[in-house]
Amino acid sequence: MSTSVIVPAAGSGVRLGENRPKAFVDVGGRSILWHTVFAICEYSADDWFDLDRIIVVVPADLMVAARHEAQSAADNAGRGTEVVVVPGGAERSDSVRAGLAQATGEYVLVHDAARTFTPAAVFERVVGALLEGHPVVVPGLPVVDTLKRVDQGGRVVQTVDRSVLRAIQTPQGFTADALARAYADAGDTATDDAGLAERAGLPVQVVEGDPLAFKITKQWDLRLARTISEGRD
Ligand code: CTP
Ligand code: MG
């Protein structure tokens with residue numbers, strides 16, 4: 022069953038504070054975008070992953086650099102994967118919507134460029150659950166810290182039951198129809214794609230995520246990413 026992967030990489034990386042959009046920050050000699058595209062191309066060699074194309078969504082002023090990075094990653098992986106690069110928008114949802122216009126195939130995965138080290142097994146679990154018939158599938162992890170609700174002054178209002186909570190990652194998987202429904206309302210925004218699907222009334226299934234699917238968001242994450250990269254050389 023053929024699948025497109027949309028890679029939103031059009032954010033500016035304010036929390037990382039590297040003076041350039043996050044996707045172009047270096048980890049072990051390659052950009053974050055390069056690593057992510059390379060990994061997806063590599064995984065597509067496996068039987069369970071019938072990859073149609075990768076759609077990379079980037080800042081409009083970095084289209085040329087992004088095309089170079091993405092094509093270099095695809096060429097290095099050597100699977101002949103088709104890579105399409107399109108300009109993103111102000112919000113993540115705008116970027117995904119721009120990518121969606123280029124999606125082909127029966128299923129669409131949306132995978133943050135910033136989740137550079139996401140293992141193949143996470144993609145496999147998401148694709149597997151889609152093939153079982155779930156229209157929307159997200160990877161998630163149990164929350165390890167104790168969670169407390171606080172008021173504006175920092176005073177604890179309540180300790181939250183974490184056993185029913187999951188920290189949600191990407192790739193998030195959709196039937197093409199479900200993703201189109203999720204994004205049907207042009208003005209709608211959410212921090213993840215499944216959030217829009219929920220609002221559209223679609224059931225969202227959680228499969229097991231992986232700590233390695235962490236998102237490079239702040240300096241600490243970048244340090245971790247560089248350490249992981251060094252360990253792989
Ligand atoms: N993203 C995007 N378009 C946007 C905003 C975000 O394509 N307008 C992408 C980012 O490039 C990233 C993913 O969505 O791969 C997750 O977003 P986030 O971690 O918030 O990245 P940034 O928005 O770049 O970071 P920040 O919020 O710190 O500025
Ligand atoms: Mg952001």
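Using the working numbering, the first residue of the sequence shown is number 22, and each one after it goes up by one.
Built from N, CA and C at the ideal position, the CB exists for glycine as well.
Pairwise C-alpha distance: residue j and residue i
i	j	result
Ser-52	Leu-243	12 Å
Ser-177	Leu-168	According to the sequence shown, residue 177 is Val rather than Ser. C-alpha separation (whole angstroms): 10 Å.
Arg-21	Val-78	Outside the modelled stretch of the chain, which goes from 22 to 254, sits residue 21, for which no answer is possible.
Gly-38	Asp-68	39 Å
Val-104	Ala-94	10 Å
Ser-250	Ala-44	16 Å
Val-164	Tyr-64	27 Å
Leu-5	Thr-180	Coverage of the chain is limited to positions 22 through 254, which leaves residue 5 absent and any answer about it impossible.
His-89	Asp-172	47 Å
Phe-70	Ala-98	15 Å
Thr-57	Val-225	25 Å
Asp-73	Ile-61	11 Å
Ala-205	Leu-217	9 Å
Asp-254	Ala-207	44 Å
Val-185	Ile-237	25 Å
Ala-66	Gly-101	11 Å
Leu-83	Val-107	10 Å
Bounding residues of the beta strand (DSSP E) (the contiguous stretch that carries residue i)
i	result
Ile-76	72 to 79
Gly-161	157 to 163
Ile-53	It is not in any beta strand (DSSP E) - Ile-53 instead sits in the alpha helix (DSSP H) that spans 53 to 64.
Glu-229	226 to 229
Ile-189	187 to 189
Pro-232	Per DSSP, Pro-232 belongs to no beta strand (DSSP E) and is neither H nor E.
For residue i, the residue or residues it bridges with in DSSP
i	result
Leu-168	Val-181
Leu-130	Val-26 and Gly-194
Ala-103	What sits at residue 103 in the sequence shown is Glu, not Ala. Note: Glu-103 sits in a beta bridge opposite Arg-74.
Range covered by the alpha helix (DSSP H) that runs through residue i
i	result
Ala-95	84 to 98
Glu-145	141 to 152
Gln-240	240 to 253
Ala-215	214 to 220
Val-46	Per DSSP, Val-46 belongs to no alpha helix (DSSP H) and is neither H nor E.
Arg-118	113 to 121
Within-7 Å CB hit, residue i to chain D
i	result
Ala-221	Protein chain content of the structure displayed is limited to a single chain, and chain D is not contained in it.
Quiz item: Between the region 27 to 37 and the region 130 to 150, do at least 3 Cβ pairs fall closer than 8 Å?
Solution: The region 27 to 37, when compared against the region 130 to 150, does touch it at the 8 Å Cβ threshold.
Self-check item: Touching by the beta-carbon criterion (3+ pairs, under 8 Å), the region 154 to 161 and the region 187 to 203
Solution: yes
Quiz item: Are the region 199 to 210 and the region 227 to 242 in contact at 8 Å, needing three or more beta carbon pairs?
Solution: no
Exercise. Would you check if there are 3 or more beta carbon pairs closer than 8 Å linking the region 117 to 126 to the region 141 to 150?
Key: no
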